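This report concerns only the one structure given below.
In our numbering, the protein residues as written are 295 to 432.
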C-alpha cells in the first residue's frame, strides 16, 4: 500500500511538470491514494479489514477552484480489504492494470495547478480528499 501522507515529487522526463505536492486525508476505510498529475487515473485504496461495495460512492474533482468540476458515481463493485484499484480515464487503461481497475466515462480526469478530489459515501459524507498542487514552469 502506498503511503497516505503529504509527499513532494519532482518529475524530470516526459511530463512537463516541474514538481508536484499532494496531501491525502481519509475517514473510514476508503482513501484516495493517488491521482495522476496528467489526469489519466485516480487510485483508491480500501484500507479496511472488510470488503466494501462501491455502489453509490461519488468522486468530485474541482480543478483550479471551479474552472472545471467533474462528478462521477462509482459502479456497483466489491473491493476486497487492503486492495488498491485505479479508475482510468476512458481509453487509458493499460494491459497490465490491476484486476480491480476499470475505466471511467471521461477521456481525462482533468489537470490544473490546483486539483482537489473528494470521495463521498452513499449518504453524502465526504470520506477522503486528495489535494494536488502542480508546478508546470520550466
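Here a beta-carbon is modelled for each residue, glycine too, at the ideal position from N, C-alpha and C. Only a predicted model underlies this, so the values are computations on that prediction, with no experimental measurement involved.
Per the DSSP calculation, residue i is bridged to which residue(s)?
i	result
residue 365	354
residue 435	Absent from the model: residue 435. The displayed extent of the chain is 295 to 432, so no value can be given.
residue 319	423
residue 339	325 and 378
residue 347	372
residue 396	381
For residue i, tell me which candidate among the options has the shortest Cα-Cα distance.
i	options	result
residue 422	317, 315 and 326	326
residue 398	317, 322, 369 and 415	369
residue 382	416, 319, 407 and 328	328
residue 384	396, 401, 390 and 375	401
residue 392	339, 319 and 345	339
residue 344	330, 375 and 331	375
residue 418	330, 396 and 367	367
To which residues of the same chain is residue i closer than 6 Å at the C-beta, ignoring the five residues directly before and after it?
i	result
residue 404	333, 355, 357, 362 and 364
residue 420	412 and 414
residue 410	356 and 425
residue 350	416
residue 299	Because residue 299 carries a pLDDT of 41, less than 50, the predicted location of this residue cannot be relied on, and the following value inherits that uncertainty. Excluding sequence neighbours, residue 299 sits near nothing in its chain.
residue 386	334
Take residue i and list the residues in its own chain whose beta-carbon comes closer than 7 Å to its own, dropping the five residues that flank it on each side.
i	result
residue 394	373, 377 and 379
residue 306	Residue confidence for residue 306 is low, a pLDDT of 34 falling below 50, so the modelled location carries little weight; the figure read from the coordinates is stated next. No residues qualify anywhere along the chain.
residue 359	408
residue 346	323, 324, 340 and 373
Can you find a heavy atom of the ligand NAD that lies under 7 Å from the Cβ of residue i?
i	result
residue 398	Of the ligands one can find in the structure shown there are none, so the ligand NAD has no counterpart to examine.
Report the CB separation of residue i from residue j in whole angstroms; it is logged as a contact under 8 Å.
i	j	result
residue 353	residue 336	7 Å
residue 427	residue 341	So it is not a contact: roughly 24 Å between Cβ atoms.
residue 348	residue 371	5 Å
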